[in-house]
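Down below is the structure, laid out as structure tokens.
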Ligand SMILES: Nc1nc2c(c(=O)[nH]1)N[C@H]1C(S)=C(S)[C@@H](COP(=O)(O)O)O[C@H]1N2
Ligand SMILES: [Mo]
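Residue numbers (the working numbering): 33 to 420.
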């Protein structure tokens, strides 16, 4: 028996020509690439913006207005991500045979260039698929991983955007050429549907995916969006991510012993729910806007955080650390920057849509502030501390 030669192995690997389909072609791949460039570009920018809103660096002067800003940018982020999924799947199908183009090995410089280009495409495909998959799983609140979603998703976004720029640079002549001519279905050879049909189907699927999920943030589409992860239902008309039971706060939140503490330096006051209700109440319509892309407006009534700070002699808006009864998990505390505290719309809410705040929405009291990622709208608040 003889050992297989390189030629034998070579014969086992398909060649680009072996994939005959009238649907594929550079014109189609280019147009899908343009569409993906748009969705990924918007997704990248709104994603960066989300990190900015999480970190709220003081130099940026980011504040409570416009009230709905985070709701809008994060809704767009998640929807452009969802729109990209059908597009990238069709794009991968359309370029798949190119994987089997044999690299030119002479001259050496040429081989190095081809290897570099393929590496950049591997980085692009890998990071793009990772971003879409991890984003989708995050929306579904399924975390089958140990790493930090936030920093890994962020890092992968830079790899993706960098390799997209390299890819566009390398392909610029092809892009120019293909966009300059009409997208024609290849004549004669091969079976299957034509390129224009594939392109239309890809764009339509992308639009449909958006339509089926956008209702989680666009109230008018709520009935249409049967695939929305949070459909806006829940007690008092708002969805719940984490219940009081899951947070382990049921007993403390409903017990007689509950007191809210407001602390500044050496001074502090302790208030029960009736004390809070006896303070001047304000009512505002504000959204909860989760990083997962769902959002919903509601009418909140409670005491302005500013008015609570005045009780311990703090009249200038200052950064405040909010602590929840919830001690497990990362969401038990948050920091309210001074710019948000300054706004009288930033409430320690006691009522939601005209009723006593339900336990799962944060009873006895929760934070609700304009233009903030939902994760900072801390529920079951027990302490507000003015930070030095
Ligand atoms: N104490 C506490 N507050 C919390 C949370 C939490 O898990 N624990 N979830 C946050 C998140 S991620 C969002 S989007 C909002 C709304 O979440 P909900 O739907 O669970 O009320 O509340 C925030 N407040
Ligand atoms: Mo959230």
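Yeah, the Cβ is synthetic: ideal placement off N, Cα and C, and Gly gets one too.
As the structure is a prediction and not an experimental result, all values here were calculated from the model.
Within 7 angstroms: the Cβ of residue i and any heavy atom of ligand 1?
i           : result
residue 363 : yes
residue 279 : yes
residue 316 : no
residue 393 : yes
residue 135 : no
residue 359 : no
residue 397 : no
residue 356 : yes
residue 274 : yes
residue 410 : yes
residue 261 : no
residue 320 : yes
residue 271 : yes
In whole angstroms, what separates the C-alpha of residue i from that of residue j?
i           : j           : result
residue 110 : residue 82  : 11 angstroms
residue 306 : residue 176 : 43 angstroms
residue 151 : residue 200 : 14 angstroms
residue 10  : residue 162 : The shown model of the chain, from 33 to 420, leaves out residue 10, and the question about it has no answer.
residue 431 : residue 262 : Lying outside 33 to 420, the shown extent of the chain, residue 431 is not represented and no answer is given.
residue 393 : residue 248 : 18 angstroms
residue 340 : residue 284 : 22 angstroms
residue 258 : residue 135 : 46 angstroms
residue 106 : residue 352 : 24 angstroms
residue 322 : residue 409 : 10 angstroms
residue 115 : residue 51  : 27 angstroms
residue 167 : residue 301 : 42 angstroms
residue 230 : residue 65  : 14 angstroms
residue 281 : residue 331 : 24 angstroms
residue 58  : residue 227 : 10 angstroms
residue 325 : residue 42  : 48 angstroms
residue 144 : residue 126 : 25 angstroms
residue 62  : residue 196 : 13 angstroms
residue 387 : residue 407 : 23 angstroms
residue 189 : residue 313 : 43 angstroms
residue 29  : residue 187 : Absent from the model: residue 29. The displayed extent of the chain is 33 to 420, so no value can be given.
residue 40  : residue 33  : 14 angstroms
residue 142 : residue 202 : 14 angstroms
residue 413 : residue 375 : 19 angstroms
residue 180 : residue 279 : 20 angstroms
residue 245 : residue 104 : 15 angstroms
Is residue i helix, strand or coil when you go by DSSP?
i           : result
residue 393 : helix
residue 350 : coil
residue 195 : helix
residue 248 : helix
residue 419 : coil
residue 383 : strand
residue 414 : strand
residue 43  : helix
residue 405 : strand
residue 137 : coil
residue 291 : coil
residue 180 : coil
residue 209 : helix
residue 226 : coil
What does DSSP give as the partner residue(s) for residue i in the beta ladder?
i           : result
residue 185 : Partner(s): none; residue 185 has no beta bridge.
residue 30  : The chain is shown from 33 up to 420; residue 30 falls before or after that span and cannot be answered.
residue 74  : According to DSSP, residue 74 bridges with nothing at all.
residue 400 : 379
residue 299 : 296
residue 336 : 379
residue 367 : 353
residue 314 : 334
residue 388 : 383
Report yes if the CB atom of residue i is closer than 8 angstroms to the CB atom of residue j, and no otherwise.
i           : j           : result
residue 380 : residue 335 : yes
residue 48  : residue 129 : yes
residue 102 : residue 403 : yes
residue 378 : residue 389 : no
residue 74  : residue 122 : no
residue 119 : residue 67  : yes
residue 46  : residue 372 : no
residue 365 : residue 356 : yes
residue 345 : residue 299 : yes
residue 164 : residue 239 : no
residue 320 : residue 253 : no
residue 315 : residue 382 : no
residue 295 : residue 415 : yes
residue 400 : residue 309 : no
residue 76  : residue 193 : yes
Following a CB-centred definition, is residue i positioned closer than 7 angstroms to any heavy atom of ligand 2?
i           : result
residue 110 : no
residue 403 : no
residue 297 : no
residue 79  : no
residue 423 : One cannot answer for residue 423 here, as it falls past the ends of the chain, which runs 33 to 420.
residue 323 : yes
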